[in-house]
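Numbering (our numbering), first residue to last: 45 to 103.
Here's the structure, in structure tokens; my notes come after.
This is how it looks when you write it as structure tokens:
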């Protein structure tokens with residue numbers, strides 16, 4: 045694998061493993077409680093839950 049710089053976050057063999065958190069904004073999701081259609085609620089979820097629990101990257 046090669047190394048890449050993703051907005052200042054090193055990813056690849058020369059860097060530690062990274063954790064990705066997933067933000068669900070799709071109305072077609074089969075799991076409705078995980079869908080965030082309000083931008084403020086989505087931002088709060090990302091800050092408190094995903095990043096708060098260790099996510100390095102949010103998709």
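Where a beta carbon is used, it is the ideal one built from N, C-alpha and C, also for glycine.
Cut-off 8 Å between Cβ atoms - residues of its own chain near residue i, not counting five sequence neighbours on either side
i, result
"residue 58", "47"
"residue 67", "80, 86, 89, 90, 94, 102, 103"
Beta carbon of residue i nearer than 7 Å to that of residue j
i, j, result
"residue 64", "residue 56", "no"
Three-way DSSP call (helix, strand, coil) for residue i in this model
i, result
"residue 63", "coil"
"residue 54", "strand"
"residue 69", "coil"
"residue 49", "strand"
Beta-carbon proximity list for residue i, same chain, < 7 Å, skipping 5 on both sides
i, result
"residue 73", "79"
DSSP beta-bridge partners of residue i
i, result
"residue 101", "64"
"residue 79", "68"
Cβ-heavy atom distance, residue i to the ligand MN, below 6 Å
i, result
"residue 103", "Ligands displayed in this structure: none; no statement on the ligand MN is therefore possible."
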